[in-house]
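Here's the structure, in structure tokens; my notes come after.
Residue numbers (the working numbering): 5 to 447.
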């Protein structure tokens, strides 16, 4: 009967903790004053700016997911797993009402081989949200170098692309190091750092061939330190967490930091966290959260006693973690880095003097390429060719008969083209002897 009661006590304590936990709900305030947001060229045409602005500031429809897998069911699924996997497995499922798509997120730490002082592990991850799908596979090894120190090394490979898309995956690889130690009497120290390297880019011709879109994942790095501070009050433990990150792409530079101070009572009753940080996209933010964990004694309730009188065990020692636990803890790294988007427009500017049309412009990312100049009174017809320089710029001149016609420049191998420009060639002595057509601006 004692064993049976214990099972009930554990289950009811768990559900009661979920219900009674006081989460003051991370009250965060953001100051959107000066932000070092990603800079875009000032001459981008409005549609491109609007799309990038929506993506950077979150004006698009958010992923308002509705959770349909209760936490209790999720917890029950985890409890059915073997013990080594149970503590390092996360699974959640939702339904995105905006995109009408189910969403799934699962992440786990799989120790493939373990020894008393070493472990080899895999870290698979799948994340399907309303807009993107991303997959990750990592592997690593951890080794105890002394009875109080652990060092680890891991690598990973990530794929991501828009949901329900046939586009190529954007891919990245990375590596990280870890260090964990108990340098003093029941003290605790954790260090980790990761680097990220994009492996490919995704290119797309848009706007009828006039725009060239390049997307890639940014390169970057992040680091984190967690330290149990020296004792200040005998019945409280103070922990400091600090992290910093920077992710750089062709058109973005995201950097920031976060610091947090956690306070926990040694009897497990009270916890509180104060944090503040800054990000180049989100600005400055701060928050505070606190909670009280109330134990519930089912046996006391049966005996008509106060069910909340279960004693908490006060520890004379500060922290009793074993260094070997670090061999099976989750890897600390950043997932789902923001994509770096860079759009360039092929340009054409022309001026007329007499019957000569002088034109210039650029095809970004097409150095030393042959372009075809086309003119049209009705159908388009090839007229001449021009070469780009090492920056993709071109310059030329053609002679046209009197009248109104259109002209454009085409890079036939890729299908890229400039927007057509209308030029007017007047007969000698009639009207002005020159005409400036409307110019094009770089994206």
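The beta carbon of each residue, even a glycine, is placed where N, CA and C say it ideally should be.
Alpha carbon to alpha carbon, how far is residue j from residue i? Give it in angstroms, no decimals.
i, j, result
"residue 415", "residue 208", "15 Å"
"residue 222", "residue 336", "19 Å"
"residue 231", "residue 301", "34 Å"
"residue 398", "residue 419", "17 Å"
"residue 112", "residue 363", "59 Å"
"residue 56", "residue 211", "Confidence in residue 56 is poor, its pLDDT being 44 and thus under 50, which makes the residue's placement unreliable; the coordinate value appears in the next sentence. Approximately 16 Å, taken between the alpha carbons."
"residue 162", "residue 140", "4 Å"
"residue 367", "residue 408", "25 Å"
"residue 279", "residue 417", "54 Å"
"residue 4", "residue 200", "In the structure as shown, the chain starts at 5 and stops at 447, and residue 4 therefore has no counterpart that could be examined."
"residue 217", "residue 392", "20 Å"
"residue 431", "residue 387", "21 Å"
"residue 150", "residue 206", "46 Å"
"residue 423", "residue 341", "34 Å"
"residue 41", "residue 404", "Only weak support exists for where residue 41 lies, its pLDDT of 38 falling under 50; the value from the coordinates is given anyway. Their Cα atoms are separated by approximately 47 Å."
"residue 1", "residue 121", "Examination of residue 1 is not possible in this model, given that the chain is present from 5 through 447 alone."
"residue 131", "residue 108", "6 Å"
"residue 155", "residue 202", "26 Å"
"residue 307", "residue 117", "48 Å"
"residue 153", "residue 372", "57 Å"
"residue 330", "residue 194", "9 Å"
"residue 129", "residue 96", "12 Å"
"residue 381", "residue 338", "56 Å"
"residue 238", "residue 171", "58 Å"
"residue 365", "residue 277", "57 Å"
"residue 235", "residue 262", "23 Å"
"residue 187", "residue 233", "12 Å"
"residue 383", "residue 396", "27 Å"
"residue 110", "residue 394", "47 Å"
"residue 289", "residue 283", "8 Å"
"residue 182", "residue 157", "6 Å"
"residue 119", "residue 334", "18 Å"
"residue 311", "residue 115", "40 Å"
"residue 287", "residue 204", "30 Å"
"residue 254", "residue 229", "29 Å"
Throw me the rounded Cβ distance for the residue i and residue j pair, which I believe falls under 8 Å.
i, j, result
"residue 138", "residue 164", "4 Å"
"residue 285", "residue 219", "Not a contact, Cβ separation roughly 18 Å."
"residue 215", "residue 349", "5 Å"
"residue 196", "residue 180", "6 Å"
"residue 360", "residue 401", "6 Å"
"residue 104", "residue 136", "With 8 Å as the limit, residue 104 and residue 136 do not qualify as a contact, their Cβ atoms being about 16 Å apart."
"residue 299", "residue 275", "No, residue 299 and residue 275 are not in contact; Cβ-Cβ is about 14 Å, not under 8 Å."
"residue 192", "residue 325", "6 Å"
"residue 354", "residue 427", "6 Å"
"residue 332", "residue 92", "7 Å"
"residue 291", "residue 260", "Not a contact, Cβ separation roughly 15 Å."
"residue 248", "residue 264", "That pair is no contact at about 13 Å."
"residue 94", "residue 134", "19 Å between Cβ atoms; not a contact."
"residue 421", "residue 224", "Actually they do not touch by this definition, with Cβ atoms about 35 Å apart."
"residue 250", "residue 352", "Going by Cβ atoms, the distance from residue 250 to residue 352 rounds to 38 Å, so no, they are not a contact pair."
Any idea if residue i is buried or exposed, counting beta-carbon neighbours within 10 angstroms, 16 or more meaning buried?
i, result
"residue 102", "exposed"
"residue 252", "exposed"
"residue 357", "exposed"
"residue 258", "buried"
"residue 343", "buried"
"residue 159", "exposed"
"residue 370", "buried"
"residue 272", "exposed"
"residue 176", "buried"
"residue 198", "buried"
"residue 389", "exposed"
"residue 98", "buried"
"residue 305", "exposed"
Inset, instruction - Please confirm if the segment 136–153 is in contact with the segment 119–128, defined as three or more CB-CB distances below 8 Å between the two stretches. - result: yes
Legend entry - Cβ contact (3+ pairs, closer than 8 Å) linking the segment 369–381 and the segment 403–422: yes
Inset, instruction - Pair every Cβ in the segment 268–282 with every Cβ in the segment 240–252, then say whether three or more of these pairs are closer than 8 Å. - result: yes
Legend entry - Contiguous beta strand (DSSP E) assignments of at least 3 residues, all confined to the segment 137–172: 153–166
Inset, instruction - Counting only runs of 4+ residues fully inside the segment 223–295, write out the alpha helix (DSSP H) ranges in chain order. - result: none
Legend entry - 4-residue-minimum alpha helix (DSSP H) runs that sit fully inside the segment 83–128, ordered along the chain: 87–90
Inset, instruction - Ignoring anything shorter than 3 residues or poking outside the segment 320–365, list the beta strand (DSSP E) runs there in chain order. - result: 344–349 and 353–357
Legend entry - Complete runs of the beta strand (DSSP E) confined to the segment 382–422 [at least 3 residues]: 384–391, 397–403 and 407–415
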